[in-house]
Amino acid sequence: MAHFAKIENGVVREVIVIGNDDAPTEAAGRAFIASIGLEGEWVQTSYNGNPVEGQDRGKYAGIGDLWDGEQFTTPKEADQ
Numbered sequence: 850m851a852h853f854a855k856i857e858n859g860v861v862r863e864v865i866v867i868g869n870d871d872a873p874t875e876a877a878g879r880a881f882i883a884s885i886g887l888e889g890e891w892v893q894t895s896y897n898g899n900p901v902e903g904q905d906r907g908k909y910a911g912i913g914d915l916w917d918g919e920q921f922t923t924p925k926e927a928d929q
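Position in the sequence shown (first residue = 1) + 849 = this note's numbering.
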């Protein structure tokens with residue numbers, strides 16, 4: 850299964866799971882997400898903490914986590 854996080858202003862707003870057949874790559878996953886009518890910026894995250902296409906994405910994205918363009922992080926108290 851492939852996990853994708855919806856990003857709004859650097860904050861994770863939603864996380865969805867799609868089949869690996871629909872997301873053999875991050876780009877293919879984004880195209881599939883758009884094809885089912887979900888708009889916005891979607892970034893692949895790894896439930897197991899594995900790199901996504903060679904890039905370390907930090908932690909598994911959860912709602913309210915931050916995305917800095919490279920990695921997902923847990924917000925600090927002051928960020929909330």
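For every residue, glycine included, the Cβ atom is placed at its ideal position computed from N, Cα and C.
Next item on the list: For A876, count neighbouring C-beta atoms within 10 Å of its own C-beta (all shown protein chains included) and say buried if the count is 16 or more, exposed if not.
Entry: The Cβ neighbour count for A876, taken over all protein chains shown within 10 Å, is under 16; the residue is labelled exposed.
Notebook entry, point to check: Less than 8 Å separating the beta-carbons of V861 and A872?
Noted result: Going by C-beta atoms, V861 is not nearer than 8 Å to A872.
Notebook entry, point to check: I885 by DSSP, collapsed to three states: which one?
Noted result: Shown here, I885 sits in coil according to DSSP, grouped into three states, outside any helix or strand.
Check: How many angstroms separate the CA atom of W891 from the CA atom of E926?
Finding: About 25 Å.
Notebook entry, point to check: Roughly how many angstroms separate the alpha carbons of L915 and P924, rounded to a whole number?
Noted result: The alpha-carbon separation between L915 and P924 amounts to approximately 6 Å.
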